[in-house]
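A.B. asks: Here it is, the structure in full.
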Amino acid sequence: MPFSATSALAAKVVAKIDVSSQTMVVSQNGKVKYKWKVSTGRSGYSTPRGTYSPKWLSRYHRSRKYNNAWMHYAVFFRGGYAIHATRDTKRLGRRASHGCVRLAEQHAAKFYSLVEKMGKNNIRIVVQN
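Residues 1 to 129, numbered by full-length UniProt numbering, are exactly what the sequence shown covers, in order.
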């Protein structure tokens with residue numbers, strides 16, 4: 001069978017967030033596409049561990065819970081927890097959030113677009129220590 005765009009879109013994408021190293025590695029078909037610094041939950045605010053699929057997307061999200069906080073390119077994976085953009089890029093690489101996974105804006109936009117393109121059912125989000 002010849003290669004087609006449809007078969008490429010059926011490929012699984014895995015986004016592994018390692019809380020210990022504060023990194024997110026995005027792989028497609030087992031090949032690393034991206035590796036980015038993140039910020040996860042700081043002391044008193046944990047980021048939930050486990051394996052998830054994206055539940056819903058919000059490109060220009062603002063947090064009702066945290067004073068209208070800017071959360072653009074949000075990919076929600078468990079309740080109010082999302083992978084989303086931050087403007088506080090100097091804190092990437094260390095724990096700084098209320099439990100969400102923060103990325104630099106350009107990286108969050110890239111991941112958001114990948115989820116849109118591939119479809120939520122073809123994405124796995126793994127949060128581990």
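Don't be surprised by glycine CBs; every beta carbon is placed ideally from N, CA and C. Bear in mind that the values here come from a model prediction, so they are computed numbers and not experimental data.
Beta carbon of residue 100, beta carbon of residue 82: below 7 angstroms?
C.D. replies: yes
A.B. asks: Could you give the first and the last residue of the continuous beta strand (DSSP E) run that contains residue 128?
C.D. replies: 123–128
A.B. asks: By how many angstroms is the C-alpha of residue 47 removed from the C-alpha of residue 14?
C.D. replies: 18 angstroms
A.B. asks: Taking Cβ to Cβ, would you say residue 54 is nearer than 7 angstroms to residue 75?
C.D. replies: yes
A.B. asks: Is it buried or exposed, residue 141, if we count other Cβ atoms within 10 angstroms and call 16 or more buried?
C.D. replies: Residue 141 lies beyond the range of the chain shown here (1 to 129); nothing can be said about it.
A.B. asks: Among residues of its own chain, excluding the 5 on either side of residue 45, which ones have a beta-carbon nearer than 6 angstroms to its beta-carbon?
C.D. replies: 98, 99.
A.B. asks: Below 8 angstroms on the Cβ atoms is my contact criterion, and I expect residue 79 with residue 65 to pass it. Report the Cβ-Cβ distance as a whole number of Å.
C.D. replies: Actually they do not touch by this definition, with Cβ atoms about 11 angstroms apart.
A.B. asks: Scan the UniProt domain "L,D-TPase catalytic" (13–128) and note each continuous alpha helix (DSSP H) run of 4 residues or more that stays entirely inside, going in chain order.
C.D. replies: 105–118
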